[in-house]
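A.B. asks: Would you mind keeping the following structure in view while I ask a few things?
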Amino acid sequence: GLQVAIKRMARDTVLQWDELADGTCVLLEIVLMEKVGSGCRRIIQLLDWFKLPDSFVLVMERPEQSRDLLRVLVEQEFLNKDVECWLFWQVLEAVWHCTACGVLHRDIKPENLLVKPETGDLKLIDFSCGTFLQERAFTQFAGEPRARALLPVP
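Everything in the sequence shown is counted per full-length UniProt numbering, starting at 1 for the first residue and increasing by one.
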């Protein structure tokens, strides 16, 4: 069968909520992933999600033999220029698609980039720090302290 990745988020830890087109209140990550979910093979696909009494469960594709870029870098220590350029191009492709969909990921780092070692194909994952693009400047921070992204001011 199809390999999947399961992510469970406790309701009491969810900081950002939004509504689906049908009015269902869900965590913002689900809305963002559905918005960017088609039209770009560089972004992990949300296959399904479930609302439980105490949490949300996200079911996402899990590319076979993929590892996060940090692990690849630690294992290989050095990448040749062609591989670096190919990986960077794919990140740009994912970011362009997100932007075209009105989504800002805000947590692009090696741990959130899955790479298939034999092909070098890359996928952007984890939209939990994401938000919608806006006209005004982002002036507050989100994400991990070591790699924070700007948030909008109310």
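Beta carbons: idealized from backbone N, C-alpha and C, even for Gly.
So for F50, helix, strand or coil by DSSP?
C.D. replies: It is a strand residue.
A.B. asks: Would you kindly report the start and end of the unbroken alpha helix (DSSP H) that includes I30?
C.D. replies: Looking at the DSSP string, the run of the alpha helix (DSSP H) that includes I30 is L28 to V36.
A.B. asks: Report back the beta-carbon spacing between Q46 and I30 to the nearest angstrom; my notes put them in contact at under 8 Å.
C.D. replies: According to the sequence shown, residue 46 is Leu rather than Gln. 7 Å between Cβ atoms; contact.
A.B. asks: Quick check on P154: does DSSP put it in helix, strand or coil?
C.D. replies: Here the model assigns P154 a pLDDT of 48, short of 50, so the residue's position is not dependable and the matter cannot be decided.
A.B. asks: What first and last residue would you give for the alpha helix (DSSP H) that runs through A137?
C.D. replies: Counting along the chain, A137 falls outside any alpha helix (DSSP H), and DSSP gives it neither H nor E.
A.B. asks: Tell me the residue span of the alpha helix (DSSP H) that contains residue 217.
C.D. replies: Past the boundaries of the shown model lies residue 217; the chain is included only from 1 to 154, so the question cannot be answered.
A.B. asks: With DSSP as the reference, identify every bridge partner of L104, one or two as the case may be.
C.D. replies: DSSP, once it has assigned bridges, lists T131 as partnering L104.
A.B. asks: May I ask you to list the residues that DSSP assigns as paired with F56?
C.D. replies: Looking at the DSSP assignment, F56 forms a beta bridge with M9 and K51.
A.B. asks: Would you kindly check if the distance between the Cβ of V91 and the Cβ of G130 is under 8 Å?
C.D. replies: No, the pair does not count as a contact, with Cβ atoms beyond the cut-off.
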